[in-house]
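Per the working numbering, the very first residue in the sequence shown carries number 10; after that it's consecutive. C-beta atoms are modelled at their ideal positions from N, C-alpha and C, and glycine is treated no differently. Okay, structure first, notes after.
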Amino acid sequence: MSTDGWTEAVRHQLGLGRLLPMGEAPDGAWLTEAAARTVLRRSADEVPGVRLGPLRISPVDGAPTEEPAVPPPPSALWPGPLRIGAEFTATRLEPFPALADRLRAALAEAAAGR
Numbered sequence: 010m011s012t013d014g015w016t017e018a019v020r021h022q023l024g025l026g027r028l029l030p031m032g033e034a035p036d037g038a039w040l041t042e043a044a045a046r047t048v049l050r051r052s053a054d055e056v057p058g059v060r061l062g063p064l065r066i067s068p069v070d071g072a073p074t075e076e077p078a079v080p081p082p083p084s085a086l087w088p089g090p091l092r093i094g095a096e097f098t099a100t101r102l103e104p105f106p107a108l109a110d111r112l113r114a115a116l117a118e119a120a121a122g123r
């Protein structure tokens, strides 16, 4: 097994997930998917009337990626825009679109602030 393969296997066993680009390409920084999910879930917990379900983080299809300033670690996504997909359960008797808007805003703010 190559060093990259070994590193990826350890990351998988630890449950860290993929490495997501953090900032712009010149920053040369990555964040584990597990850390990103933790921040996003904490943000969603602050939205009254919402219980967050499955959460997906993926590159935006067709969006340009940039070559990072430093070589990316094994299994890292290249810098570029990411999409957050989330399912949730409404726990309050409020209009569903209003709850979805509040959750969307909380997730976007958490993603932009980290």
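- Residue burial annotation: Arg27 is buried, with at least 16 other C-beta atoms found within 10 angstroms of its C-beta.
- Counting C-beta atoms within 10 angstroms of its own C-beta, Ser67 has fewer than 16 neighbours from the protein chains shown and is therefore classed as exposed.
- For the pair Leu116 and Gly58, the CB atoms are not nearer than the 8 Å cut-off.
- Cβ-Cβ distances below 7 Å link Pro63 to Glu96 in the same chain, with the five nearest sequence neighbours on each side left out; the list follows chain order.
- Look at Glu118 here: in three-state DSSP terms it is helix.
- Of the candidates Glu75, Leu25, Ala34, Ala114, Ala114 places its Cα closest to the Cα of Gly94.
- Residue ranges of uninterrupted alpha helix (DSSP H) with 4 or more members are absent from the region 47 to 91; none lies entirely inside it.
- Comparing C-alpha distances from Leu91 to each of Pro104, Glu75, Thr100 shows the shortest one belongs to Glu75.
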